[in-house]
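In UniProt numbering, the protein residues as written are 1 to 319. Yeah, the Cβ is synthetic: ideal placement off N, Cα and C, and Gly gets one too. Presented below is the structure to which this report refers.
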Amino acid sequence: MSERKVLNKYYPPDFDPAKIPKLKLPKDRQYVVRLMAPFNMRCKTCGEYIYKGKKFNARKETVQNEVYLGLPIFRFYIKCTRCLAEITFKTDPENTDYTMEHGATRNFQAEKLLEEEEKRMQKEREEEELNNPMKVLENRTKDSKLEMEVLENLQELKELNQRQANVDFEAMLKQYKEYEEEQKRKEQEEDEQEIKAMLEQAQNRRLLVDSDSDEEPAKSHTKAAAKTKPTDILQEDPQPQSKKLKTESWERSVGKLNTKSQLAGLVTVKKQKPGPPLANGTENQGTAAKTGSFPTATGTTSSLGLLGAYSDSEDSASD
1 MSERKVLNKY
11 YPPDFDPAKI
21 PKLKLPKDRQ
31 YVVRLMAPFN
41 MRCKTCGEYI
51 YKGKKFNARK
61 ETVQNEVYLG
71 LPIFRFYIKC
81 TRCLAEITFK
91 TDPENTDYTM
101 EHGATRNFQA
111 EKLLEEEEKR
121 MQKEREEEEL
131 NNPMKVLENR
141 TKDSKLEMEV
151 LENLQELKEL
161 NQRQANVDFE
171 AMLKQYKEYE
181 EEQKRKEQEE
191 DEQEIKAMLE
201 QAQNRRLLVD
211 SDSDEEPAKS
221 HTKAAAKTKP
231 TDILQEDPQP
241 QSKKLKTESW
251 ERSVGKLNTK
261 SQLAGLVTVK
271 KQKPGPPLAN
281 GTENQGTAAK
291 TGSFPTATGT
301 TSSLGLLGAY
311 SDSEDSASD
């Protein structure tokens, strides 16, 4: 039974590998590969951010005349996802990283720059110490001073931690709670005092308003009583001239008729004893002859009564 996955190939007896033609391919030929962005970058053309791990269909080629310890360096070409601008970066086997070459700027590389600066300074120091033994001594003294300062700072931190460890945090919290309660109590007392002051002011205003209201009706009552005096009628404004002209003829013949109730109190009518009409007529005539005029009527009823008595006396005389 034959194998499903064949591992051995069949070579015929007349096979000669030297006869196989070789393909002449250029050394800088490009391959299409699928890769992910090795770091965060930003496109210089449109400003689009390309984050680490984003997948691209890239073109890969071998960099000519650049080798690190026999390892080839590769260049990759990708396109921006927004403006389709070309971005290139290379491998960096020396630092086990990638380096940006063209089309974008690398983000978050501050740490890398710091490491590179430290490496450069360390390299310069080694070169100086290699040719100058006095420089080696100076650097050692500086390092010793720096170590002493670090130890002193560490000792201070330890003492500070010990002091904080001896602090009673429960007592501090209790004291803080008491302080808060005292502040609240003071605030409540101040609020109560303000409320009392406001109530007193409101009560004083009410008393003032009540006193004013009591004085006003008393004044109005006194004014009304003063107006009800009988003599105040004489001080009233006279009637218009037109009304006077209309009532002059009536007043000359009969007398002034007034319907006001105040005049009823000024004139009093004497009560006469009942008797024969003839005697009343003669007595009224005699009184009228003596006085020479009729008394002024205080109202419509009194004037009509006098006129009736006068007419009766005339009838009796004619008879």
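- Beta-bridge pairing by DSSP links residue 173 to no other residue.
- By the Cβ neighbour-count rule, residue 110 is exposed, with fewer than 16 other Cβ atoms within 10 Å of its own.
- A Cβ-Cβ separation of about 6 Å places residue 89 in contact with residue 76 under the 8 Å criterion.
- If you look at residue 120, you'll find it in the alpha helix (DSSP H) that goes 110-131.
- Considered as a whole, the stretch 31-108 harbours 31-36, 41-43, 55-68, 71-79, 86-92, 97-102 and 104-106 as its complete beta strand (DSSP E) runs of no fewer than 3 residues, in chain order.
- With 16 or more other CB atoms across the displayed protein chains lying within 10 angstroms of its CB, residue 39 is buried.
- Only residues of its own chain outside the window of five on either side were considered, and among them 82 and 83 have a CB closer than 6 Å to the CB of residue 46, listed in chain order.
- Closest by C-alpha distance to residue 29, out of 174, 61, 136 and 92, is 61.
- Remark: C-beta atoms of residue 91 and residue 73 approach each other more closely than 8 Å.
- With fewer than 16 other beta carbons inside 10 angstroms of its own, residue 197 counts as exposed.
- The alpha-carbon of residue 104 is positioned some 35 Å away from that of residue 127.
- For the 8 Å CB-CB criterion, residue 36 and residue 106 do not form a contact.
- When the Cα atoms are used, residue 68 and residue 101 turn out to be separated by approximately 17 Å.
- In this structure, the straight-line span from the alpha carbon of residue 87 to that of residue 4 is close to 46 Å.
- For residue 210, there are no CB contacts under 6 Å within the same chain when 5 residues up- and downstream are skipped.
- When the five nearest sequence neighbours on each side are left out, no beta carbon in the same chain lies closer than 7 Å to the beta carbon of residue 181.
- In terms of Cβ geometry, residue 34 and residue 57 form a close pair [threshold 8 Å].
- Setting aside the 5 residues that flank it on each side, residue 48 is surrounded in the same chain by 80 and 82, each with a C-beta closer than 6 Å to its C-beta; the list follows chain order.
- Taken atom to atom, the span from the alpha-carbon of residue 97 to that of residue 31 is near 21 Å.
- Nearest in C-alpha terms to residue 26, of all of 176, 63 and 117, is 63.
- For residue 52, the CB contacts under 6 Å within the same chain, skipping 5 residues up- and downstream, are 37, 39 and 40 in chain order.
- The C-alpha of residue 9 is placed about 15 Å away from the C-alpha of residue 16.
- If you draw a 10 Å sphere on the C-beta of residue 195, you find fewer than 16 other C-beta atoms in it, and that means exposed.
- When DSSP states are grouped into helix, strand and coil, residue 6 belongs to the coil group.
- Looking at the backbone, the Cα of residue 122 and that of residue 163 are separated by about 40 Å.
- The shortest CA-to-CA distance from residue 116 to any of 95, 160, 132 and 135 is the one to 95.
- Sequence-distant Cβ neighbours of residue 112 in its own chain, meaning closer than 7 Å and more than five residues away, do not exist here.
- Counting other Cβ atoms within 10 Å of its Cβ, residue 50 reaches 16 or more and is therefore classed as buried.
- When DSSP states are grouped into helix, strand and coil, residue 206 belongs to the helix group.
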